[in-house]
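Protein chains: 2
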Amino acid sequence: MKTKNERLTTIWNLVNDYAPDNQEKLLELLRTKGFNITQATLSRDIKQLKIIKSPNAEGNYIYITTGQNIYANRYNGKKEKSNLSFTGFISLEFSGALAVMKTRPGYAMGIASDIDLCIPHLILGTIAGDDTILLVPREGVDRKKIKETLEILIPAAKTEN
Amino acid sequence: MKTKNERLTTIWNLVNDYAPDNQEKLLELLRTKGFNITQATLSRDIKQLKIIKSPNAEGNYIYITTGQNIYANRYNGKKEKSNLSFTGFISLEFSGALAVMKTRPGYAMGIASDIDLCIPHLILGTIAGDDTILLVPREGVDRKKIKETLEILIPAAKTEN
DNA sequence: AAAATAGGTGCAAATTTATACAATTATTAA
DNA sequence: TTAATAATTGTATAAATTTGCACCTATTTT
Numbered sequence: 529m530k531t532k533n534e535r536l537t538t539i540w541n542l543v544n545d546y547a548p549d550n551q552e553k554l555l556e557l558l559r560t561k562g563f564n565i566t567q568a569t570l571s572r573d574i575k576q577l578k579i580i581k582s583p584n585a586e587g588n589y590i591y592i593t594t595g596q597n598i599y600a601n602r603y604n605g606k607k608e609k610s611n612l613s614f615t616g617f618i619s620l621e622f623s624g625a626l627a628v629m630k631t632r633p634g635y636a637m638g639i640a641s642d643i644d645l646c647i648p649h650l651i652l653g654t655i656a657g658d659d660t661i662l663l664v665p666r667e668g669v670d671r672k673k674i675k676e677t678l679e680i681l682i683p684a685a686k687t688e689n
Numbered sequence: 529m530k531t532k533n534e535r536l537t538t539i540w541n542l543v544n545d546y547a548p549d550n551q552e553k554l555l556e557l558l559r560t561k562g563f564n565i566t567q568a569t570l571s572r573d574i575k576q577l578k579i580i581k582s583p584n585a586e587g588n589y590i591y592i593t594t595g596q597n598i599y600a601n602r603y604n605g606k607k608e609k610s611n612l613s614f615t616g617f618i619s620l621e622f623s624g625a626l627a628v629m630k631t632r633p634g635y636a637m638g639i640a641s642d643i644d645l646c647i648p649h650l651i652l653g654t655i656a657g658d659d660t661i662l663l664v665p666r667e668g669v670d671r672k673k674i675k676e677t678l679e680i681l682i683p684a685a686k687t688e689n
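Encoded structure:
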């Protein structure tokens, strides 16, 4: 019998190739590849692979993989823990609807990317140079919320009160 | 009674703030905000908002929003349609395990970004300059597959046969 | 204005997915 | 090697989610 790892790899590839709309379909595909498991096990595999069922453009549901595990690090609003430890942070200041973050040289792109990844619901987008990031908050998101959230994500920002 | 749009906005915000683990929980939150709907309607709203249920780091399921609708454009392997129309593409050539794409000046970053977004299962990553993109394919993904897929996504690449 | 079409919703049922439990197998520690 | 612990899985079931249908309301067309 094939190993579990082989099965997980196969599942991953099948999802990418077929974007099945439910687990039964995927299960059939798996059988054609010689993997005989139950729906229960598939459900567990899917959870482990962080494969998700997503509404697509056509109004249907499909299973898709999440590339680089985009969501694994997304901040979920719980204060308990942040698995990110930004480095390079220097300061955060606001001007009108915008915010500007200063970083150590070369860190701007990386940190901006992390921000895009973690709090897209607060920040519409970022533009990073070498040591400066322009943050464009979403409409209706106030400075306080952004400041508080970043203080959780970036320990170094805590001293900035 | 509040409008549907107000409701959708509220749902979006509640999901971001509470990352609820099922629709019933979210339904309760909605009630506290004065929206009285059934779970069926919530299910439809969630679909419309492209909110997804995702396994998180702790091994649980939570509902999360998808920022900029990351998945809306992800290529799902079906040939029928591509809703992307890249511009600026010039050429694609391979060298060893790598591929190099040439673009019109200034387009490299944008196209590279689109590639990252659309075919992360084929391409491990890209590095873009101003008019050149280095593509690093995933192990086991062959040139043919990449070429074929890009030809679907980038009409201009079709003439490159 | 009337008719036609589209959008929105609840209800109930069907479908789909997750999981408690028990059993089995693999791994690690003693 | 044996005991202890951790992983893996199927079965059956519970839980969760989606959807067909009917009805109602809003919008558009004639």
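These protein sequence lines are chains B and C, in that order.
Every number in the numbering used here is 528 more than the matching position in the first sequence, counting from 1.
Every number in the numbering used here is 528 more than the matching position in the second sequence, counting from 1.
Heads up, the beta-carbon is just placed ideally off N, CA and C, and yes, glycines get one too.
Assign residue i to one of two classes, buried (16 or more other C-beta atoms within 10 Å of its C-beta) or exposed (fewer than that).
{"i": "C:Q640", "result": "In the sequence as presented, Gln is not what sits at residue 640 of chain C; that position holds Ala. Per the 10 Å Cβ criterion, buried."}
{"i": "B:N533", "result": "exposed"}
{"i": "B:S582", "result": "buried"}
{"i": "C:L554", "result": "buried"}
{"i": "C:I574", "result": "buried"}
{"i": "C:I655", "result": "exposed"}
{"i": "C:L626", "result": "exposed"}
{"i": "C:N544", "result": "buried"}
{"i": "C:T631", "result": "buried"}
{"i": "B:T594", "result": "buried"}
{"i": "B:Q596", "result": "The pLDDT assigned to B:Q596 is 36, lower than 50, so where the model puts this residue is not dependable, and the model offers no usable value."}
Chain C partners of residue i, CB-CB under 8 Å?
{"i": "B:S571", "result": "Simply none; closest approach about 11 Å."}
{"i": "B:K675", "result": "Under the 8 Å cutoff, chain C gives no residues; its nearest Cβ is about 16 Å from B:K675."}
{"i": "B:K532", "result": "Neighbours of B:K532 on chain C: none; closest Cβ ~17 Å, over 8 Å."}
Compare the C-alpha of residue i against each of the options and name the closest.
{"i": "B:I618", "options": "B:I661, B:K581, B:T654, B:I580", "result": "B:I661"}
{"i": "C:I565", "options": "C:E552, C:L577, C:I590, C:P665", "result": "C:E552"}
{"i": "C:M637", "options": "C:S571, C:L663, C:W540, C:L650", "result": "C:L663"}
{"i": "B:L536", "options": "B:Y546, B:T569, B:N550", "result": "B:T569"}
{"i": "C:F622", "options": "C:R671, C:G562, C:R572", "result": "C:R671"}
{"i": "C:I643", "options": "C:I539, C:L678, C:I592", "result": "C:L678"}
{"i": "B:S571", "options": "B:I647, B:Y589, B:I539, B:A547", "result": "B:I539"}
{"i": "B:P548", "options": "B:E676, B:F563, B:I592, B:K673", "result": "B:I592"}
{"i": "B:I579", "options": "C:L577, C:G668, C:G587", "result": "C:G587"}
{"i": "B:P665", "options": "B:Y546, B:Q567, B:L650, B:L558", "result": "B:L650"}
{"i": "B:N541", "options": "C:E676, C:I647, C:K675, C:R559", "result": "C:I647"}
{"i": "C:M629", "options": "C:G668, C:K675, C:I590, C:Y589", "result": "C:K675"}
{"i": "B:I590", "options": "B:Y546, B:T560, B:T531", "result": "B:Y546"}
{"i": "B:L577", "options": "C:L577, C:Q576, C:N584", "result": "C:N584"}
Just the chain B side, please: which residues come within less than 9 Å of residue i by C-beta, in chain order?
{"i": "C:I580", "result": "I580, K581, S582, P583, Y599"}
{"i": "C:T630", "result": "Correcting the residue type first, residue 630 of chain C is Lys in the shown sequence and not Thr. By Cβ distance, chain B contributes nothing, its closest Cβ being about 23 Å from C:K630, past 9 Å."}
Who are residue i's beta bridge partners in DSSP?
{"i": "C:K630", "result": "C:S619, C:T660"}
{"i": "C:T593", "result": "None; C:T593 has no bridge partner."}
{"i": "C:I647", "result": "DSSP, once it has assigned bridges, lists no residue as partnering C:I647."}
{"i": "B:S582", "result": "B:I590"}
{"i": "B:T654", "result": "B:L663"}
Can you pull the chain C neighbours of residue i, defined as C-beta to C-beta under 7 Å?
{"i": "B:T593", "result": "H649"}
Given a limit of 7 Å on CB to CB distance, which residues of the segment 645-674 of chain C reach chain B? The residues in question are P648, H649.
Contact list for the segment 548-576 of chain C against chain B, Cβ threshold 7 Å: From the segment 548-576 of chain C, only K575 have a Cβ closer than 7 Å to chain B.
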